[in-house]
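Here the protein sequences line up with chains Z and C, keeping their order. To get this note's numbering, take the position in the first sequence, counting from 1, and add 108. If you count the second sequence from 1, position 259 lands on 256 in this note's numbering, and the numbers rise without skipping.
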Amino acid sequence: MMTSFAPSALAGYLIVSGLLLTIGIIGFLVRRNLIVMFLCTELMFQGAAIAFVAVGRYLLDYSGQVMVIFILTVAAAEAALALALVVLLHRQKDTLDSDAYGELQE
Amino acid sequence: MDMFLPYIACLTLALTIYAALRPSPPTVQVGMIAVGVAATGWLLGIVIGSLTSFGELTHGIFFIIFALCAIAAAIRMVTHERPIYCALHFVLVVIATAGLLLMLEAEFMAFALIIVYAGAILITYMFVLMLANQAENPEEPYRKTNYDRVPREPAAAVTVGFLLLCLISGTVIGGTPDTHNEANTYSQWFVLEKLPAQFETNVQKLAPSFAWPPIIENEKMIQSGMDGAFIVSQDGEVLLLDASVFPTNTQMVGWSLVNDFPVTIELAGVILLMAMFGAAVLARRAIELTERDKRIAILGEDTEETGGDA
């Protein structure tokens, strides 16, 4: 049974989730290691999860927590596929540097 | 001046992240992260106003601790030069996030996050990282690779991040409407109308003498009054409902999952299955098998040398 929740407390949780999302985006743009780039997308998922649960808690609704289950699903599927791709690329060039795969754009 | 304070805090944080991204000794890195944590605390202080707005002071203190842990670990993860340490700092972010979810009374999701993220997904990342690092330089295992030390376009990335952060904090400070009212709290009780067996069991536990079923008024078993929600039995006994009658967090998440999102959960299963197939197909190595290899694989023995078939 959920009780009432102050709007300023919700604002605190939303700021934390926004910070995690922003740091994840900065990391994705800045890092050149393929695996760390995908780790940064997982950081963005964490921010989204906090926002979903906080707003669900504020509106006294459990749908926000259900959304976290789907975030976990997407994160797991992304990890499996992205890491398989990284293993495949690593076999080609023996490096994880994302700049080394620039020729794939043509 | 007050309206610019959050943006100044955002700017401080962005400059700190920029400074932490540049290659520097570990002591400078730790100092930068301390400044970043201070800026985050300042921003949170501006937004929340006072820790007592969480209802209880302990709730506010735990929120600040978990929030600062999550942000510090996230900055360290983005700036660390060794990928393995990045993954380990991400585990710290996951654990701090689980703490925040516990503060939000989402116990099931908090522990599911630790089990699935820190337990399963991060192990996959660690496997691939160690596989790649091992292959890269077997002679010098402690050498840092160049592409991990030198960031790509940190100024542009931090500018984008700063603008996004300003937008988010501006929106959040602009005000969340106070949607909370008494009717909203009562409406939670009506989920019990759809779970009659659960409702009966819990009521019997609370008040064994209560004569089930309660009378139905206006097509509802649960009535709401000044003191809270209550039910009335056939012989006029009034039972005030308390939180022990209500389903637990896990039960409510499960109910919401199958009641509100029945198709989405099926789709999630299909997505996971296809991801498994996709990973297996992508990562396999194509091996050329000769006729003789195939025969050995199928029959379990090499029949050619004995001259059995042709």
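We treat Cβ as the ideally placed atom computed from N, Cα and C, and that holds for glycine. Please read all numbers here as calculations on a predicted model, not as lab measurements.
For methionine 249 of chain C, the number of other beta carbons within 10 angstroms of its own is at least 16, and it is reported as buried.
Contact of glutamine 200 of chain Z with chain C is not assigned, every C-beta pair being separated by 9 Å or more.
The Cβ atoms of glycine 155 of chain Z and serine 125 of chain Z sit closer than 9 Å to each other. Among the residues of the region 230 to 259 of chain C, those with a Cβ less than 7 Å away from any Cβ of chain Z are Ala240, Phe243, Met249, Val250, Ser253, Leu254, Asp257, Phe258, in the order of the chain.
Taking a cut-off of 8 Å on C-beta distances, the region 29 to 36 of chain C does not touch the region 202 to 214 of chain Z, as fewer than three cross pairs fall below it.
Using a 10 angstroms sphere on the CB of glycine 52 of chain C, the tally of other CB atoms stays under 16, which defines it as exposed.
If you compare the alpha carbons of Z:Leu147, Z:Phe113, Z:Ala119 with that of isoleucine 131 of chain Z, the shortest gap goes to Z:Leu147. When CB distances to chain C are screened at a threshold of 8 Å, the residues of the region 137 to 155 of chain Z falling below it are Leu137, Val138, Arg139, Arg140, Asn141, Ile143, Val144, Phe146, Leu147, Cys148, Glu150, Leu151, Gln154, in chain order. The DSSP-derived three-state label of glutamine 173 of chain Z is helix. Between leucine 128 of chain Z and the set Z:Asn141, Z:Leu204, Z:Glu150, Z:Met145, the nearest pair of CA atoms involves Z:Glu150.
Residues of chain C with a Cβ closer than 7 Å to the Cβ of tyrosine 170 of chain Z are, in chain order, Met249, Val250, Ser253. Residues of the region 121 to 138 of chain Z that bring their beta carbon within less than 8 Å of a beta carbon in chain C comprise Tyr121, Leu122, Ile123, Val124, Gly126, Leu127, Leu128, Leu129, Thr130, Ile131, Gly132, Ile133, Ile134, Gly135, Leu137, Val138, in sequence order.
At a cut-off of 9 Å between beta-carbon atoms, threonine 261 of chain C makes contact with chain Z. In its chain, beyond the 5 residues on either side, Leu129, Gly132 have a beta carbon closer than 6 Å to the beta carbon of methionine 152 of chain Z.
Counting along the chain, the unbroken alpha helix (DSSP H) around alanine 276 of chain C starts and ends at 259 to 280. The alpha carbon of cysteine 7 of chain C has as its nearest neighbour, out of C:Ser166, C:Ile284, C:Phe258, the alpha carbon of C:Ser166. Counted as a single uninterrupted DSSP element, the beta strand (DSSP E) harbouring phenylalanine 227 of chain C occupies residues 226 to 229. One thing to note: phenylalanine 63 of chain C has its Cβ no nearer than 9 Å to the Cβ of alanine 36 of chain C.
For isoleucine 213 of chain C, the number of other beta carbons within 10 angstroms of its own is below 16, and it is reported as exposed. Distance from the CA atom of aspartate 257 of chain C to the CA atom of threonine 156 of chain C, rounded to whole angstroms, is 40 Å. Taken through DSSP and simplified to helix, strand or coil, serine 221 of chain C comes out as strand. Where valine 88 of chain C is concerned, the enclosing alpha helix (DSSP H) starts and stops at 80 to 100. Any Cβ of chain Z closer than 9 Å to the Cβ of proline 80 of chain C would place that residue at the interface, and such an atom is present. For aspartate 290 of chain C, the three-state secondary structure derived from DSSP is helix. By alpha-carbon distance to methionine 127 of chain C, the top candidate from C:Cys83, C:Ala152, C:Val91, C:Pro148 is C:Cys83. Under the criterion of beta carbons closer than 8 Å, tyrosine 122 of chain C and valine 91 of chain C do not qualify as touching, at roughly 12 Å. Assigned with DSSP and collapsed to three states, leucine 189 of chain C falls in helix. Going by DSSP, leucine 128 of chain Z is part of no beta strand (DSSP E) but of the alpha helix (DSSP H) stretching over 115 to 138. Excluding the 5 residues flanking it on each side, glutamine 231 of chain C has same chain C-beta neighbours closer than 7 Å at Ala208, Ile212, in chain order. Around the beta-carbon of serine 241 of chain C, fewer than 16 other beta-carbon atoms lie within 10 Å, marking it exposed. Within 10 angstroms of the beta-carbon of proline 3 of chain C lie 16 or more other beta-carbons, which makes it buried. Here valine 163 of chain Z is not near leucine 191 of chain Z, since their CB atoms are 9 Å or more apart.
At a Cβ-Cβ threshold of 9 Å, aspartate 205 of chain Z and arginine 140 of chain Z count as neighbours. Among the residues facing chain Z, aspartate 145 of chain C is included, as its CB has a counterpart in that chain under 9 Å away. Using beta-carbon distances, threonine 287 of chain C does not count as an interface residue toward chain Z, since no partner is under 9 Å.
A check of alpha carbon separations from aspartate 145 of chain C across Z:Ala119, Z:Ala185, Z:Gly120, Z:Gly135 identifies Z:Gly135 as the nearest.
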